[in-house]
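Notes follow the structure.
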Amino acid sequence: MQHVRFLAAKTALAAVLAGSIIITPAQAGIPVIDGGNLVQNVMTAIESVAQTLKQIEQYQTQLQQYENMLQNTVAPAAYIWDQAQSTINGLMAATDTLNYYRNQLGSVDAYLGKFQDVAYYRGSPCFSATGCSDAERAAMEQNGSLASESQKKANDALFKGMEQQQRNLSADARQLERLQSAAQGATGQMQAIGYANQLAANQANQLLQIRSLLIAQQNAATARMQAQADLEAQQQAAGATSRE
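Going left to right, the sequence shown walks through residues -28 to -1, 1 to 216 as mature numbering (1 follows the signal peptide of the UniProt record, and there is no 0) numbers them.
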């Protein structure tokens, strides 16, 4: 662009000077240059060159503005982070134990109803002198099996979630590196905003994965606590019956 400006200025100057040289005839046939007219025309030429340079600068500024406008309206060439849904779906499939309870007993409330407190067991025939029937004894044994199975299911879900996270770590790190590199190389506002949104989505996805693992961990701990509380309630009820 600088070369174009110099070339245009030189052209304008040459044109004005070429038209400004006025040769007047003198005595003895010797041509004489009109000095006063030459000075005036040189000044005019300089002003013309200055105007030409100013006009070129205006064109250059306008072109730069157009270029910036184009860059600011160009979206990212590709969405690098678009796997949030599939990642969460896979993790949920590995750690979701609520569906297991629903499939086994119809609802979470029905599952919770299998575990009782001391007052319930003290009122049960199985913890009295009369003893419980075969059906009641089978129901209690089934509840014990359910408690053990629930603990194993919750622990399995926790370890499966951890296993999947181990597999995802390297892939997530590569995706994050690609996102950071793309964000640093953004050529306009639109691209910068697009990559910033993808980085935010990546962070939100990581938080969702952490949340899912925490839920799985809480579920495993809760299943154990529930089974332990039910067992302790039975033991207390049995102890109270033996003292009567």
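In this text, a Cβ means the ideal position worked out from N, Cα and C, and glycines have one as well. This structure is a prediction, so every number in the text was calculated from the model and none was measured.
_Residue from Leu148, Gln136, Tyr92 and Ala107 whose Cα sits closest to the Cα of Ala172_ = Considering only alpha carbons, the answer is Leu148.
So, at 6 Å on beta carbons, what are the nonlocal neighbours of Ala192 in its own chain, with the 5 sequence-adjacent residues on each side left out?
Taking C-beta separations shorter than 6 Å and ignoring five residues to either side along the sequence, the partners of Ala192 in its chain run Ala126, Asn127 and Leu130, following chain order.
Mapping the DSSP letters down to three states, classify Ser117 as helix, strand or coil.
Of the three classes helix, strand and coil, the one that applies to Ser117 here is helix, per DSSP.
Worksheet entry | Between the CA atoms of Ala176 and Glu204 - distance to the nearest angstrom | About 41 Å.
* I think Arg74 touches Gln123, with their Cβ atoms under 8 Å apart; what is that distance to the nearest whole Å? -> Not quite, the Cβ-Cβ distance comes to about 18 Å (not below 8 Å), so this is no contact.
How big is the Cα-Cα spacing for Gln206 and Glu121? A direct Cα-Cα distance of roughly 18 Å separates Gln206 from Glu121.
What three-state label does DSSP hand Lys86 in the structure shown?
In the structure shown, Lys86 sits in coil (DSSP, three-state: anything other than H, G, I, E or B).
- Task: Closer than 7 Å by C-beta to Arg109: which residues in its own chain qualify, once you throw out the five before and the five after it? Chain order, please.
- Result: The residues are Cys98.
_I need the straight-line Cα distance from Ala154 to Gln178, nearest angstrom please._
Rounded to the nearest angstrom, the two C-alpha atoms are 19 Å apart.
Inset, instruction - Let me know the secondary structure DSSP gives Thr67 once reduced to three states. - result: helix
#### Entry: Closest residue to Asn140 among Ala158, Met112, Tyr167 and Ile182 (Cα-Cα distance)
Ile182
Around the C-beta of Ala199, are 16 or more other C-beta atoms found within 10 angstroms, so that it is buried, or is it exposed? buried
- Message: With H, G and I counted as helix, E and B as strand and the rest as coil, what does DSSP make of Thr159?
- Response: Looking at Thr159 - three-state DSSP - the assignment turns out to be coil, as it is neither helix nor strand.
Beta-carbon proximity of Ala210 to Val90, cut-off 8 Å: No, Cβ-Cβ distance for Ala210 and Val90 is not below 8 Å.
Discussion item. DSSP three-state label for Ser105, please.
Written reply: coil
Review point. Would you say Ser96 touches the ligand FMN, meaning its beta carbon is less than 7 Å from a heavy atom?
Key: The ligand FMN is not among the ligands present in this structure, which contains no ligands whatsoever.
Hey, how far is the Cα of Thr67 from the Cα of Ser184?
A direct Cα-to-Cα measurement between Thr67 and Ser184 gives close to 7 Å.
Quick one, which of Met112, Met134 and Gln190 has its alpha-carbon nearest Phe87's? Met112
Keeping to the same chain, check which residues put their C-beta closer than 7 Å to that of Tyr167; ignore five residues upstream and five downstream.
Pro48, Leu151, Ala154, Ala155 and Ala158
_Asn61 classed as buried or exposed, judged by whether at least 16 other C-beta atoms fall within 10 angstroms_ = Flag for Asn61 reads exposed.
Item checked: Continuous beta strand (DSSP E) assignments of at least 3 residues falling wholly in the segment 159 to 214 -> none
Original post:
Going by alpha carbons, who is nearest to Ser117 out of Gln189, Met134, Ser100 and Gln76?
Top reply: Gln76
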